[in-house]
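According to the numbering used here, the sequence shown is numbered sequentially starting from 492. For each residue, glycine too, the CB sits at the ideal point set by N, CA and C. Structure first, commentary second.
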Amino acid sequence: MHEASINSILSCSSDLTIKGSVIFDTAVMKITKINKNAFGQCKPTNVKLPDTIVSIGDSLFKNCESLISINIPLLIKTIPESCFENCYNLRTVKLSSLTQEIQRNAFKHCYSLNNIDLSSISYIGPYAFSFCSNLTSISIMKPDSSIFERAFYNCTSLNKVTCIDYSIFKSPEIFSGCKNLTGFSSSINISGYIYDIYNTKYASLTDIPDFDQKIKYPNNTVIISYLFDKLPQKGLTISQFVSYVNPELFRKIDSNYKIKIDKNNPKYKIKASIITYNDRIIKVMNSTFNSMKLSSSIRVICENSFSYSNLSFLITSKNLHRIEQYSFYRSSISSIQLSEKLQIIDSYAFYQSNLSSIYLPRSVLFVGHHSFAGCPNLNSIQVNCSNSIVENSLFDSCRSLKVVYYDCSVVPCSCFLNCERLSFVYLDNNVKLVERDSFRSCTSLETVRIGNSLSEIKENAFYSCSSLISMEIPQSIRKIGENAFYGTKFLTLRFIVTKKYKFRYICKNFIELVRLENATAIESFDVQESIIGFGNRSISNNFYLTEANIPIGVKYLGDECFANCSSLKTVLLPHTLKIIGKNCFLHCNNLKEISIPESIYEIGEFAFRNCSLLSRIFYCSDFDVEISHPLVFNTSTLIHVSKNYQGTTLCGYKVIQEKNMRCKFTKAAVNVWKKRFMLLLYVIIVVSFAAIAFGAIFQNKIPNNQNTVGNTNNDTQFNDQILNLNDIKDVLD
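Rendered as structure tokens:
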């Protein structure tokens, strides 16, 4: 016999009986399946399905408002999703003894359903019987059943639930909205887990009349988080048989609540208002103590254990290993002595507490984000955990913080963001990276001392530190991110110059000086000779800069590099410079003359535009230069070239040829050649006197000394082969 399925029934009488087989082309077809939405166009009152059916589709009888009763065939094991949803008049459903699962929304909005046998059911999905407002009682007797969230939501007539084991309830609020449910069957035994299955006019199971008499705790009972949404007003007793209570229960308890713990409970203890679980502090209840010293057995301070407490001073256990999140949230703690064995401080551990100072020992391996953020009285910190993983916003908005000693390898993102009174920062030798926004908007920050290991300052690190007027950048620095010092008011910025300097370029928006009424004008800007490029807008809007001495080795001046430096009078360019970017010296109104070295091969548009006092430019190459736009100089500017210049114009501007034109280059370059000349002269004089005084016996050694001179010259030459020009532009743009 062949099998067949029903896809759609277009019309039917009020009483519908489906046969178990049909004949098609003389072949007998057994009906085994009814597909999804098959009754979409048919509205029967009573339906009889054949026992040959083994499965029915989703939403099969959905919206069959006239359906009153139905018998589920023997072989059907699952009532699919939304199968009888919105069958408002369905009163009676007889399930098969083999039916095991009722899926999501299966009987949702079956307002007239008043009785159903669930004794064989092992799974009831979310909202399966929600809004079955005439359902009065249920019995679920399989111990391995699973019932999920709001399965009987708003069953307002439900007044009796019979079950074997509360462990079948897998989610909170299973009976939420069941206003007439006043209790559960007295034959309740609890083993393993208790969930909050009850959220009606009683806020939790503890509000059910005679709750304590109805429930017996066996050994090793575990109470899960939502059980006590509303705690009994008279207090709570933890019996000797309770092996674990989810910490969320204690987070709902204020410090004045009464808790009793059976003295025979092997794990939970209460002493001096402190509730402990093995080696963990769970909760600190109302205490008259202002100070406290923890027992040496304590290894963990649990979540919210001291939150909102009045304790002001605490000496932690010498064996304390971990402080969990929100442990001291909004507490009155002003001083705490941490263990030298402490390893973990979780996120928000001291968030918005009254701490006045903190010392983090070297043993700490992890500090979570916002651990000390928002502490209004915190004024000094010492962070010594050099090998720690430190997360973001550690001291964010600690508005009383004034002094910081920091020795971790990384200053994380937004670590000291909005610390408005912070004035002094010492970053010790272990600090290698200052992350983005680390000191952003620290408007009182005046002094930053940096150790010799810092390699990178990321973007916006000191953004809007409007009181920061000076800083020494160590030789270890390799990179400074965009806007790192935007909004500062540097009067001096000094790079510590050594031969080992690794810093290669000055980034975009390096310094953005804001005009000050009484500020002292900067006379010069000096950087070390290892710099190979200046990024876009790196020195722009520096209203007090009067002299820029660009060191040898610099090959690139970015777009708007010195734009709007209105006080700039003198610029000395090196003979290594190759590119002058767009608007590079735009609006440098006090710049009168400048020498362009022969190494230049590109000048960007408007490079010297609106330099109103720029009257002379000395161009030291014999050939014209590539331009991106004809508008490079002011029309009134005179361009001087050497007598060997090949052409009559430069960038489209007429030139004046001179016989003895003298170009002014970077002072550092002149000093280097002067030193080399003096060294050579000194060696020659010494060798000459030695030869005369001691005779011809030493004359054969003179060439060796000359070779030494040559080696000295080579040692002092600048090595500019580290990055090529394309590399520079990629990095800077």
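Proximity of residue i and residue j at Cβ, strictly below 8 Å
{"i": "residue 1108", "j": "residue 1078", "result": "no"}
{"i": "residue 885", "j": "residue 903", "result": "yes"}
{"i": "residue 588", "j": "residue 611", "result": "yes"}
{"i": "residue 875", "j": "residue 856", "result": "no"}
{"i": "residue 881", "j": "residue 901", "result": "yes"}
{"i": "residue 624", "j": "residue 596", "result": "no"}
{"i": "residue 553", "j": "residue 576", "result": "yes"}
{"i": "residue 607", "j": "residue 639", "result": "no"}
{"i": "residue 752", "j": "residue 765", "result": "no"}
{"i": "residue 528", "j": "residue 511", "result": "no"}
{"i": "residue 1073", "j": "residue 1038", "result": "no"}
Straight-line Cα distance separating residue j from residue i
{"i": "residue 969", "j": "residue 1043", "result": "18 Å"}
{"i": "residue 1030", "j": "residue 1173", "result": "40 Å"}
{"i": "residue 953", "j": "residue 920", "result": "19 Å"}
{"i": "residue 667", "j": "residue 654", "result": "17 Å"}
{"i": "residue 1139", "j": "residue 1146", "result": "6 Å"}
{"i": "residue 774", "j": "residue 622", "result": "40 Å"}
{"i": "residue 497", "j": "residue 740", "result": "53 Å"}
{"i": "residue 503", "j": "residue 530", "result": "9 Å"}
{"i": "residue 641", "j": "residue 558", "result": "25 Å"}
{"i": "residue 956", "j": "residue 790", "result": "41 Å"}
{"i": "residue 780", "j": "residue 822", "result": "14 Å"}
{"i": "residue 788", "j": "residue 600", "result": "56 Å"}
{"i": "residue 515", "j": "residue 509", "result": "16 Å"}
{"i": "residue 772", "j": "residue 792", "result": "5 Å"}
{"i": "residue 709", "j": "residue 567", "result": "Low confidence applies to residue 709: its pLDDT is 46, below 50, so where it sits in the model is not reliable enough to give any reading."}
{"i": "residue 949", "j": "residue 926", "result": "5 Å"}
{"i": "residue 859", "j": "residue 839", "result": "7 Å"}
{"i": "residue 862", "j": "residue 889", "result": "11 Å"}
{"i": "residue 592", "j": "residue 564", "result": "14 Å"}
Residues near residue i in its chain [Cβ-Cβ closer than 7 Å; skip 5 each side]
{"i": "residue 1086", "result": "1064, 1109, 1111, 1154, 1155 and 1156"}
{"i": "residue 769", "result": "758"}
{"i": "residue 877", "result": "853, 898, 899, 900 and 921"}
Sequence-distant residues of the same chain with beta carbon closer than 6 Å to residue i, five excluded per side
{"i": "residue 887", "result": "864, 905 and 908"}
{"i": "residue 1124", "result": "1099 and 1144"}
{"i": "residue 583", "result": "560"}
{"i": "residue 1008", "result": "Residue placement at residue 1008 cannot be trusted, given a pLDDT of 35 that sits under 50; the coordinates are not used to answer."}
{"i": "residue 784", "result": "806"}
{"i": "residue 441", "result": "What is shown of the chain runs 492 to 1224, which leaves residue 441 out entirely."}
{"i": "residue 647", "result": "624 and 670"}
{"i": "residue 872", "result": "849 and 895"}
{"i": "residue 795", "result": "742 and 817"}
{"i": "residue 937", "result": "914 and 958"}
{"i": "residue 813", "result": "791 and 835"}
{"i": "residue 562", "result": "585"}
Cβ shell of residue i (< 8 Å), same chain only, five flanking positions each side left out
{"i": "residue 459", "result": "The structure shown does not extend to residue 459, since the chain is modelled only from 492 through 1224, so no value can be given for it."}
{"i": "residue 1106", "result": "1083, 1084, 1127, 1128 and 1129"}
{"i": "residue 824", "result": "797, 800, 802, 803, 804, 805, 841, 844, 845 and 846"}
{"i": "residue 626", "result": "604, 605, 606, 607, 620, 643, 646, 648 and 649"}
Secondary structure of residue i, DSSP reduced to three states
{"i": "residue 742", "result": "helix"}
{"i": "residue 1172", "result": "helix"}
{"i": "residue 659", "result": "helix"}
{"i": "residue 1192", "result": "No answer about residue 1192 holds up, because its pLDDT of 47 lies below 50 and its placement is not dependable."}
{"i": "residue 1183", "result": "helix"}
{"i": "residue 855", "result": "coil"}
{"i": "residue 1177", "result": "helix"}
{"i": "residue 850", "result": "strand"}
{"i": "residue 873", "result": "strand"}
{"i": "residue 506", "result": "strand"}
{"i": "residue 523", "result": "strand"}
{"i": "residue 518", "result": "strand"}
{"i": "residue 774", "result": "strand"}
{"i": "residue 1152", "result": "coil"}
{"i": "residue 840", "result": "coil"}
{"i": "residue 1039", "result": "strand"}
{"i": "residue 597", "result": "coil"}
{"i": "residue 1295", "result": "A query on residue 1295 cannot be resolved here, the shown segment of the chain reaching from 492 to 1224 and no further."}
{"i": "residue 545", "result": "coil"}
{"i": "residue 1024", "result": "strand"}
{"i": "residue 1085", "result": "strand"}
I'd like the ranges of any beta strand (DSSP E) spanning at least 3 consecutive residues and lying wholly in the region 902-967.
915-918, 938-941 and 961-964
Entirely enclosed beta strand (DSSP E) segments - the region 810-834, minimum 3 residues:
826-828
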